[in-house]
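Residue numbers (the numbering used here): 78 to 334.
Please read the structure below before turning to the comments.
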């Protein structure tokens with residue numbers, strides 16, 4: 078089974094230092110909560126304590142400003158950290174809090190994120206039917222969010238892959254790639270290439286296809302300085318070379334990480 082992290086889509090990685098410099102520049106009060114959440118998200122892929130800290134600050138800021146959207150996103154980020162730490166009960170509690178707030182104001186982005194993250198927890202618990210229902214609810218709120226749609230379509234593909242339904246997996250992967258290719262945002266295509274590569278590398282007969290997809294993802298991540306995805310992609314490329322008994326190539330790739 079492929080391990081899945083629980084990121085929050087609709088927000089791209091941004092250098093933490095640049096975000097914190099904006100925070101120290103005394104932003105307008107209405108933007109402070111959004112910025113604190115952005116900092117939390119930027120930390121979420123590698124520093125869980127910092128991610129949680131800034132999400133808590135965002136929550137306090139949102140409460141002070143009565144900004145429900147900021148509070149909901151802060152709860153989602155806190156739930157993501159809890160999930161990454163293995164505390165699924167806390168992850169569910171925080172994400173459901175976010176869902177209830179987002180429903181109150183019909184906040185489509187936070188609704189999509191909340192349903193998606195709860196679905197990932199369902200997947201981890203082996204409840205494929207509940208996960209699929211929540212993924213489709215997430216899709217309902219991504220009409221104007223191509224990255225969110227591609228991310229969720231990829232997760233549905235993963236769900237079917239883990240269930241052994243290769244035909245359905247291929248169908249949703251193809252849909253994700255097709256929607257990403259018509260997008261004017263290359264980072265959406267990066268998400269599609271990376272996830273399809275993750276799925277294909279699980280099948281030893283498709284390592285070359287996975288390598289091709291990862292190389293496409295690597296080129297985009299380097300062009301747009303997405304260091305997190307670049308590192309993860311290089312690691313996966315090294316694993317593929319290792320599994321294909323190309324030890325020297327694998328070691329050469331790891332030296333670039």
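Positions of the beta carbon are idealized from the N, C-alpha and C atoms, including for glycine.
Stretch pair the region 109-116 + the region 143-160: three plus CB contacts closer than 8 Å: yes
Alpha helix (DSSP H) segment containing residue 200, residue limits: 185-202
Buried versus exposed call for residue 196 [16 or more other C-beta atoms within 10 Å across all chains shown]: buried
Run of the alpha helix (DSSP H) containing residue 123, from where it starts to where it stops: No alpha helix (DSSP H) holds residue 123; DSSP gives it neither H nor E.
Helix, strand or coil at residue 142 according to DSSP, with G and I counted as helix: helix
For residue 237, the first and last residue of its enclosing alpha helix (DSSP H): 223-240
Coarse secondary structure for residue 108, derived from DSSP in three states: helix
Exposure of residue 179, with buried meaning 16 or more beta-carbon neighbours within 10 Å: buried
Minimum C-alpha distance to residue 256 - residue among 232, 277, 215, 223: 223
Limits of the unbroken alpha helix (DSSP H) element including residue 299: 284-300
Continuous alpha helix (DSSP H) stretch holding residue 270: start and end: 263-277
For residue 280, three-class secondary structure by DSSP: coil
8 Å contact criterion, which residue 155 and residue 120 should meet: CB distance rounded: Actually they do not touch by this definition, with Cβ atoms about 12 Å apart.
Outcome for residue 182 when other beta-carbon atoms lying within 10 angstroms are tallied against a minimum of 16: exposed
Buried or exposed (CB count within 10 angstroms, at least 16 for buried), residue 174: buried
The alpha helix (DSSP H) enclosing residue 332, as first and last residue numbers: Here residue 332 belongs to no alpha helix (DSSP H), and DSSP marks it neither H nor E.
N- and C-terminal bounds of the alpha helix (DSSP H) containing residue 98: 93-101
Residue from 203, 328, 191 with nearest C-alpha to residue 212: 191
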